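Below is one structure, written out as structure tokens; comments come after it.
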Amino acid sequence: MKLWQNFKNFHFNKSLNKGLVSRLKRVSSKSLSFATAKSIAFLFNAEDPEVISGIEKYVESLRKKGKTTYLLGLNATSKDTIDTSFPCLNKKNIDWVGRPIGTLIDEWFIQPVDVVIHVSAQRNELLEYITALTPAGLRIGPVTDNTRCYDLMLDVPADTTPQSFFKQMENLLGKIQVRNETSLL
Numbered sequence: 000m001k002l003w004q005n006f007k008n009f010h011f012n013k014s015l016n017k018g019l020v021s022r023l024k025r026v027s028s029k030s031l032s033f034a035t036a037k038s039i040a041f042l043f044n045a046e047d048p049e050v051i052s053g054i055e056k057y058v059e060s061l062r063k064k065g066k067t068t069y070l071l072g073l074n075a076t077s078k079d080t081i082d083t084s085f086p087c088l089n090k091k092n093i094d095w096v097g098r099p100i101g102t103l104i105d106e107w108f109i110q111p112v113d114v115v116i117h118v119s120a121q122r123n124e125l126l127e128y129i130t131a132l133t134p135a136g137l138r139i140g141p142v143t144d145n146t147r148c149y150d151l152m153l154d155v156p157a158d159t160t161p162q163s164f165f166k167q168m169e170n171l172l173g174k175i176q177v178r179n180e181t182s183l184l
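For the record, in the sequence shown the residue sitting at position 120 is 119 according to numbering that gives the first Met the number 0, with numbers rising by one throughout.
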């Protein structure tokens with residue numbers, strides 16, 4: 000069984016590396032600042048209603064500020080399509096290696112955004128993969144060994160709610176001065 004898992008991991012990482020190389024050639028957003036971002040994408044585990052509710056509240060606050068938002072949920076334990084207000088991947092959208100497949104993910108990968116946020120306290124290789132290959136100026140997610148997936152990693156406790164995740168994210172982003180932007184000091 001370990002041999003099979005190693006084989007799958009090899010092909011998963013090979014595909015990720017190939018995608019990262021091609022990502023450099025694709026047009027992505029020029030924005031590297033959350034404050035000036037006009038389009039923000041959210042990736043998350045859609046199996047927990049509390050997580051969904053927390054993300055939807057935050058998204059609504061961003062929409063009121065005039066930002067365009069995109070949501071993509073993951074329900075990896077079910078083959079059935081769940082009824083949500085956002086697109087959601089399920090087992091049918093994951094190949095034998097563990098990569099996302101289908102028209103939904105193809106459309107996601109060609110839509111450039113300013114910021115993509117993997118909202119989670121836990122590591123999820125599939126969502127890391129999607130975050131890494133999303134054409135975005137800034138990629139944010141939880142701490143992982145796979146450092147090439149994110150530009151900013153948040154080290155949050157395992158029981159973190161989306162609200163506390165976003166609060167820590169905004170706190171850290173508020174302390175970062177982005178290239179070609181004037182300092183607020």
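Just so it is clear, CB atoms sit at the ideal spot from N, CA and C, and this is done for glycine as well.
Keep in mind it's a predicted model, so treat the numbers as computed, not measured.
Worksheet item: For the alpha helix (DSSP H) that contains Gln-128, what are its first and last residues?
Response: Note that residue 128 is Tyr in the sequence shown, not Gln. Taken as a continuous stretch (DSSP letters only), the alpha helix (DSSP H) holding Tyr-128 covers 124-132.
Worksheet entry | Span separating the alpha-carbon of Ser-60 from that of Asp-82 | 23 Å
Discussion item. Here's a check: name, in chain order, each residue in its chain whose Cβ is nearer than 7 Å to the Cβ of Lys-67, leaving out the five neighbours to either side.
Written reply: At residue 67 the sequence reads Thr, which differs from the Lys that was named. Counting only Cβ-Cβ distances below 7 Å, and skipping sequence neighbours, we find Lys-37, Ser-38.
Worksheet item: For Leu-71 versus Gly-97, is the C-beta spacing smaller than 8 Å?
Response: Contact check for Leu-71 against Gly-97 fails: the beta carbons are separated by 8 Å or more.
Discussion item. Here's the rule: buried if 16 or more other CB atoms are within 10 angstroms of the residue's CB, otherwise exposed. What is Ser-77?
Written reply: exposed
Worksheet entry | Secondary structure of Gly-101, DSSP reduced to three states | Three-state DSSP puts Gly-101 in coil, outside helix and strand.
Worksheet entry | Cβ-Cβ distance between Ala-157 and Gln-110 below 8 Å | Contact annotation: Ala-157 and Gln-110 have beta-carbon atoms that are not nearer than 8 Å.
Fill in: Reduced DSSP secondary structure (H/G/I, E/B, other) of Met-244
Because the chain here runs from 0 to 184, residue 244 falls outside it and cannot be looked at.
Worksheet item: Ile-133 and Ala-75 look like a contact to me (Cβ under 8 Å); what is the Cβ gap, rounded to whole Å?
Response: The question names Ile, but residue 133 is Thr in the sequence shown. Not really, about 18 Å apart at Cβ, beyond 8 Å.
Fill in: Backbone secondary structure at Ser-28 - three-state DSSP
With a pLDDT of only 49 at Ser-28, under 50, the local geometry of the prediction cannot be trusted, and the value read off the model is given with reservation. Coil.
Worksheet item: Going by the CB atoms, is the gap between Leu-103 and Asn-89 shorter than 8 Å?
Response: Not in contact: Asn-89 and Leu-103 (Cβ atoms no closer than 8 Å).
Practice prompt. Classify Gly-140 as buried or exposed, calling it buried when 16 or more other Cβ atoms lie within 10 Å of its own Cβ.
Written response: buried
Worksheet item: Cβ of Phe-33 within 8 Å of Cβ of Leu-153?
Response: no
Discussion item. Just checking: is the beta-carbon of Ile-129 within a distance shorter than 8 Å of some beta-carbon in chain B?
Written reply: Protein chain content of the structure displayed is limited to a single chain, and chain B is not contained in it.
Worksheet entry | Per DSSP, cross-strand counterpart(s) of Val-112 | Val-112 is bridged by DSSP to Ala-135.
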